[in-house]
Amino acid sequence: MELLKEKILKEGRVEEGNILKVDSFLNHQLDIELLNEIGKEFKKRFKNENITKILTIETSGIAIGAITAQYFNVPVLFARKTESKNLDNETYESNVYSYTKEKNYKIRVAERYLNENDRVLLIDDFLANGKALLGLIDITKQAKATLVGAGIVIEKGFQHGGDNLRNNGIRVDSLAIIDSLEDGKIVFR
Ligand code: G4P
Ligand code: NA
Ligand code: NA
1 MELLKEKILK
11 EGRVEEGNIL
21 KVDSFLNHQL
31 DIELLNEIGK
41 EFKKRFKNEN
51 ITKILTIETS
61 GIAIGAITAQ
71 YFNVPVLFAR
81 KTESKNLDNE
91 TYESNVYSYT
101 KEKNYKIRVA
111 ERYLNENDRV
121 LLIDDFLANG
131 KALLGLIDIT
141 KQAKATLVGA
151 GIVIEKGFQH
161 GGDNLRNNGI
171 RVDSLAIIDS
181 LEDGKIVFR
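Using full-length UniProt numbering, the final residue of the sequence shown is 189, and nothing's skipped along the way.
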């Protein structure tokens, strides 16, 4: 998606540890005009898939999930990372390993909001090693829902989470794939 790539080149900052900061439009301040274009692009790509639910993960997934959901006219459901009184007792749970924090955390979704009649589109802001996405896929399976695929805003291609999923037959559509951040230079695939 050209508009997104231009924005990344203009406002993205490469930081130590191969981290791309995009907090001016995606991870802190939100550029709603751009997010709307991203939502429309996901709709264009998945329009024939009869999506019934968008599944994402807090925190950063919520904004892009909610914007995208408007174009599909379906609810967006976000997995929680912390225990919450707003969550039922009956939950699907999965363990996710975070490379950046070097520890496992649990994600949860209430059983009542996801079931075998659902056709699920996963949405997330970043895809790096793909562990968070694997957790969402696990929960989709537990619910016996149909996994249609994943829509990702920025994929870090050099961390291989996306290609591992594709090699397992999962459709992963990323709007920008970055193959290198070496020497502070952003190189797209
Ligand atoms: P993984 O999910 O792909 O396995 O990666 P990891 O656990 O290492 O990622 C930790 C967090 O950092 C994730 O968000 C992920 O989306 C984000 N992330 C990974 N690489 C980058 C990057 O280069 N730039 C930015 N901006 N984010 C990156 P999270 O902890 O779930 O955070 P949040 O959703 O609560 O904001
Ligand atoms: Na995220
Ligand atoms: Na994040």
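Yeah, the Cβ is synthetic: ideal placement off N, Cα and C, and Gly gets one too.
If you're wondering where the values come from, they're calculated on a predicted model, not measured in any experiment.
Could you have a look at Asn18 and say whether DSSP puts it in helix, strand or coil? coil
Ile139: which of Tyr99, Asn95 and Ala176 sits nearest, CA to CA? Asn95
Can you check the stretch 148-189 for any beta strand (DSSP E) of at least 3 residues that lies completely inside it and give the ranges in chain order? 172-180
Which same chain residues end up closer than 6 Å to Val172 when comparing Cβ atoms and leaving out the 5 residues on each side of it in sequence? Ala150, Gly162, Leu165 and Arg166
What do you reckon, is the C-beta of Gly162 under 7 Å from a heavy atom of ligand 2? no
So, Ile38 versus Ala132, is the Cβ gap smaller than 8 Å? no
For the alpha helix (DSSP H) that contains Asp118, what are its first and last residues? No alpha helix (DSSP H) contains Asp118, which DSSP labels as neither H nor E.
Every unbroken alpha helix (DSSP H) inside the UniProt domain "Phosphoribosyltransferase" (36-157) [4 residues or more]: 60-72 and 131-142
Suppose contacts are defined by Cβ-Cβ distances below 8 Å. Is Asp125 in contact with Ser174 by that definition? no
Could you work out which residue in Leu20, Phe78, Glu111 and Ala176 is closest to Ile54 when comparing CA atoms only? Phe78
Closest residue to Arg13 among Glu2, Phe25 and Leu3 (Cα-Cα distance): Phe25
Residue span of the alpha helix (DSSP H) that contains Leu4, given as start and end: Glu2 to Glu11
Contact set for Leu35: own chain, Cβ-Cβ below 7 Å, skip 5 residues either direction: Ala63, Ile64 and Ile67
Among Leu87, Thr52, Tyr99 and Leu20, which has the Cα closest to the Cα of Asn117? Thr52
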